[in-house]
Ligand code: SF4
Ligand code: SF4
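Numbering (the UniProt record's numbering), first residue to last: 1 to 314.
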């Protein structure tokens, strides 16, 4: 079934049975009363661009009894009001042909975004498209290149506040994600205005927040401050720091303290240190716990929060 994972999860939570690949065909009405619906069984076929089509399997139609039917069978683009003479071209599925970066259509002064241009996503994506389209329109009106777009805001801010005081919790939490508690089904299924998700209480919210891996806090290494005491290598709980002789990547990966198995993750290799070694860090196993920075006597390691802000129209 084509739906977001959270929509499926919510449906299953309310005991809704999901029957995949059944296309509604006919409302069955007897003596003026709805009896149910017949469905055609189909299977998904994907074209070379990954677009899905539902093709009948040839099996007999399926009848399902029903007292009521809620019609929710997807979306369709309807742009009959956009005349061909405007120069806006439409592709398969009636979607306008739009540049994925600039949101410009084949008529250079017309821009599209959101579901109408790229298919069903969520409102956050549609708002982001709106910002990017507005930037394009601004550039277009100023007769500037639409591909030379304003850069995002990027910054690193040191998180160290004192020798033993950190902005982030350094403990490793093995807890699984805490599920948000729901109101009783008997109540929510009879009152459609009732809020289903109750939210976390303070204690659970704190536990959930502690599961954060601090991915926004980076370990920043300043080679010229390092006195090669190897203290960070000793304290790192995942052995992701190694001081060793430099070499080809394939060879270097075999000489790290912890096996470097994820070949898609680049290694960080410092410039050559005074003893002719280099500091090699495998980011793939770093917990961002900050212990290396706390242990380092010269602040050669520093924990810095990475900030990234997409440019928005205002
Ligand atoms: S932040 Fe923690 S896991 Fe990462 S390199 Fe430093 S000590 Fe090791
Ligand atoms: S603890 Fe600091 S000074 Fe010592 S080896 Fe690590 S980075 Fe260099």
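We put the beta carbon where it would ideally sit given N, CA and C, even for glycine. Given the structure is predicted, the values throughout are model-derived calculations rather than measurements.
For ligand 2, I want to know if residue i counts as a neighbour, meaning its beta carbon is within less than 7 Å of at least one of the ligand's heavy atoms.
| i | result |
| --- | --- |
| residue 238 | no |
| residue 274 | no |
| residue 245 | no |
| residue 124 | no |
| residue 228 | yes |
| residue 52 | no |
| residue 289 | no |
| residue 232 | yes |
| residue 242 | no |
| residue 298 | yes |
| residue 6 | no |
Tell me which residue opens and which closes the beta strand (DSSP E) that residue i is part of.
| i | result |
| --- | --- |
| residue 177 | Where residue 177 is concerned, there is no enclosing beta strand (DSSP E), given that its DSSP letter is neither H nor E. |
| residue 241 | 241-245 |
| residue 225 | Premise fails: residue 225 is in no beta strand (DSSP E) and is neither H nor E. |
| residue 95 | Taken as a continuous stretch (DSSP letters only), residue 95 belongs to no beta strand (DSSP E), as it is neither H nor E. |
Name the two residues that bound the continuous alpha helix (DSSP H) containing residue i.
| i | result |
| --- | --- |
| residue 208 | 202-210 |
| residue 138 | 123-141 |
| residue 158 | First-last for residue 158: 153-158, but that is the beta strand (DSSP E), not the alpha helix (DSSP H). |
| residue 63 | Counting along the chain, residue 63 falls outside any alpha helix (DSSP H), though it belongs to the beta strand (DSSP E) covering 62-65. |
| residue 185 | 185-188 |
| residue 194 | From DSSP, residue 194 is part of no alpha helix (DSSP H); its letter is neither H nor E. |
| residue 221 | Careful: residue 221 lies outside any alpha helix (DSSP H), inside the beta strand (DSSP E) at 217-221. |
What do you get for residue i, buried or exposed, if any count of 16 or more other CB atoms within 10 angstroms of its CB means buried?
| i | result |
| --- | --- |
| residue 117 | buried |
| residue 154 | exposed |
| residue 261 | exposed |
| residue 112 | buried |
| residue 214 | buried |
| residue 232 | buried |
| residue 314 | exposed |
| residue 265 | exposed |
| residue 293 | buried |
Does the distance between the C-beta of residue i and the nearest non-hydrogen atom of ligand 1 fall short of 7 Å?
| i | result |
| --- | --- |
| residue 215 | no |
| residue 212 | no |
| residue 219 | yes |
| residue 286 | yes |
Confirm the yes/no value for this check: CB of residue i, any heavy atom of ligand 4, distance under 7 Å.
| i | result |
| --- | --- |
| residue 283 | As far as ligands go, the structure on display features ligand 1 and ligand 2 and does not contain ligand 4. |
Checklist entry - Hey, is the segment 299-313 in contact with the segment 218-233, meaning 3+ C-beta pairs nearer than 8 Å? => result yes
Checklist entry - Counting Cβ pairs closer than 8 Å, one from the segment 200-208 and one from the segment 170-179, do we hit at least three? => result yes
Checklist entry - Using 8 Å as the threshold, is the segment 93-111 in touch with the segment 136-153, meaning 3 or more CB pairs across them? => result yes
Item to check | the segment 118-128 touching the segment 284-297, judged by at least three CB pairs closer than 8 Å | outcome: no
Item to check | Whole beta strand (DSSP E) elements within the segment 7-60, 3-residue minimum | outcome: 22-30, 33-46 and 52-56
Checklist entry - Are there three or more Cβ pairs, one per stretch, closer than 8 Å when the segment 186-195 is compared with the segment 250-265? => result no
Checklist entry - Contact between the segment 29-49 and the segment 78-86: three or more CB pairs below 8 Å? => result no
Next on the checklist: I want to know whether the segment 192-207 touches the segment 236-247 - three or more CB-CB distances under 8 Å.
Outcome noted: no
Next on the checklist: Report the start-end ranges of each beta strand (DSSP E) in the UniProt domain "4Fe-4S ferredoxin-type" (276-306) that is 3 residues or longer and not cut off at the edges.
Outcome noted: 277-281
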